[in-house]
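Heads up: the protein sequence lines correspond to chains X and C, in order.
Quick note on numbering: the first sequence equals residues 1 to 135 in our numbering.
Quick note on numbering: the second sequence equals residues 136 to 270 in our numbering.
Protein chains: 2
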Amino acid sequence: MSAKEKGLRFERELIDLLWECGFAAVRVAGSGVSSFPCPDIIASNGKITFAFEVKSRSKLPLYLDEREVKDLAMFSTLFGAKPYIALRLLRMKWKFVELEKLEKTSKGYRIDENIFSLAPDLEEITGKSFQLRLL
Amino acid sequence: MSAKEKGLRFERELIDLLWECGFAAVRVAGSGVSSFPCPDIIASNGKITFAFEVKSRSKLPLYLDEREVKDLAMFSTLFGAKPYIALRLLRMKWKFVELEKLEKTSKGYRIDENIFSLAPDLEEITGKSFQLRLL
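1) List the whole-angstrom C-beta distance separating C:Leu197 from C:Leu222, where the pair is believed to meet the contact cut-off of C-beta under 8 Å.
2) Check whether chain C comes within 8 Å of X:Ala86, counting only Cβ atoms and requiring the distance to be less than that.
3) Do you know whose CA, among X:Gly7, X:Phe36, X:Ala51, lies nearest X:Ile125's CA?
4) Please confirm whether C:Gly165 has its beta-carbon closer than 8 Å to some beta-carbon of chain X.
5) Determine the chain X residues that contact C:Arg162 at a beta-carbon separation under 9 Å, and present them in chain order.
6) Within 10 angstroms of the Cβ of X:Leu64, are there 16 or more other Cβ atoms? Answer buried if so, exposed if not.
7) Using beta carbons (cut-off 8 Å, strictly below), is X:Phe50 in contact with chain C?
8) Is the CB-CB distance between C:Pro255 and C:Phe210 below 8 Å?
9) Taking 8 Å as the threshold, find out whether the segment 156-165 of chain C comes into contact with the segment 20-34 of chain X through three or more Cβ pairs.
10) Nearest CA to the CA of C:Met227: which residue from C:Phe251, C:Leu213, C:Pro174, C:Ala208?
11) If you drop the 5 nearest sequence neighbours on each side, which residues of the same chain put their C-beta closer than 8 Å to that of X:Leu17?
12) Whole angstroms are fine: how far does the CA of C:Leu213 sit from the CA of X:Gln131?
13) Assuming C:Leu207 and C:Asp247 are in contact, meaning their beta carbons sit under 8 Å apart, how far apart are those beta carbons, in whole angstroms?
14) Does DSSP put X:Leu135 in a helix, a strand or coil?
15) Hey, how far is the Cα of C:Ile183 from the Cα of X:Ser35?
16) Can you list the residues of chain C that X:Ile125 reaches, using a CB-CB cut of under 7 Å?
17) Give every residue of the same chain whose Cβ lies closer than 8 Å to the Cβ of C:Arg144, excluding the five residues on either side of it in the sequence, and list them in chain order.
18) Under a three-way DSSP split, which group does C:Ala164 fall into?
Have a look at this one:
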């Protein structure tokens, strides 16, 4: 399976999970090639709206281009969406990293084990879980 | 140019116009083939959110499947978007028909000359025009 097919499979997996949580979710066409900044997935339940940049990796750290993060932030501000890096680590459940939680590097941003472990899961960002997170 | 290429060209044209009006606009991937109902274009400026089913025709009337209209209504209710049939008639500017303005037929819905002429344009739906419409 190519990297592109794998990416698509994970995007579809997240879209399925979002619909199960009561969110209307779509994959954005031409994400990464469009002349306008756009995320990989947009979802809303009419109250909360999300814009996701989707990443799947076998291990951390994950590095992000500065451009990619700035585009997601810019799109989300205009659209009125909450931006997240949606990260699917091999054999782990989805985690959602807020842009302000990313670690700045000289060339862009980084997500390490520590940031990953503190990031909320799908239940937490969609408000399905009210469990206290003991940080 | 194939019908598909033509459709894509008009969708891109509408997306450009929406960005010019201050809306973040995206084309939805897999519209029409996805297992979930989804529109062709979603756009928002953080205050107003639109879901568009895009149609281009050389002449009227335009016929719509009942399924297509119901899917757009269902998606928009969940997403919190205002649904429109975005219609680009040959050599005319874009017009946006609200679902409640569609004429019911035995198999679905219809847009005729009368409905088209009364439909708002882009300036009107995005709030750029405050001109009184004398109906």
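Glycine included, C-beta positions come from ideal geometry on N, C-alpha and C.
Checking against the coordinates, here is how it stands:
1) 7 Å
2) no
3) X:Ala51
4) yes
5) Val28, Ala29, Gly30, Ser34, Cys38
6) buried
7) no
8) no
9) yes
10) C:Phe251
11) Trp94, Leu122
12) Note that X:Gln131 has pLDDT 49, beneath the 50 cutoff, so the model's placement of it is unreliable and the number below is only indicative. Taking the straight line joining both Cα atoms gives about 26 Å.
13) Wrong, their Cβ atoms sit about 19 Å apart, outside the cutoff.
14) Residue placement at X:Leu135 is flagged as unreliable, the pLDDT there being 44, under the threshold of 50; a coordinate-derived value is accordingly withheld.
15) 23 Å
16) In chain order: nothing, as chain C lies at least about 17 Å away.
17) Met136
18) coil
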